[in-house]
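To keep things clear, I will list the structure first and then write my remarks on it.
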Amino acid sequence: MSRTERVKHPTQKSLALMEKIISIHTNPNDLVLDPFMGSGTTGLTCKNLKRNFIGTELEKEYFQIAKKRLG
């Protein structure tokens, strides 16, 4: 994971890993649900791969990070 990609979440996954998983298991315009979205890597990947995304996060700090990343 590159330094520019890294944010303050202890279990953050790399964009490359999530792109591989999401592109294998979904098609463009599919809907992806991430009920524990953390820093928003899944949502960012969905945005890049033209997937629809719904994410929720209980921790306010991580929600704010995800919100900023997803723009």
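Read in order, the letters of the sequence shown are residues 1 to 71 in UniProt numbering. Note that CB positions come from ideal geometry on N, CA and C, so glycine has one too.
* Collapsed DSSP secondary structure at G55 in the structure displayed -> strand
* Residue ranges of each beta strand (DSSP E) run of no fewer than 3 residues wholly in the segment 11–39, ordered along the chain? -> 31–34
* Rounded to a whole number of angstroms, what is the C-alpha to C-alpha distance between N48 and D30? -> Annotation: N48 to D30 spans about 13 Å, alpha carbon to alpha carbon.
* In terms of alpha-carbon separation, which member of R69, E57, A16 lies closest to M37? -> Of the listed residues, the one whose Cα sits closest to M37 is E57.
* What number of angstroms, rounded off, separates the C-alpha of A66 from the C-alpha of E59? -> 11 Å
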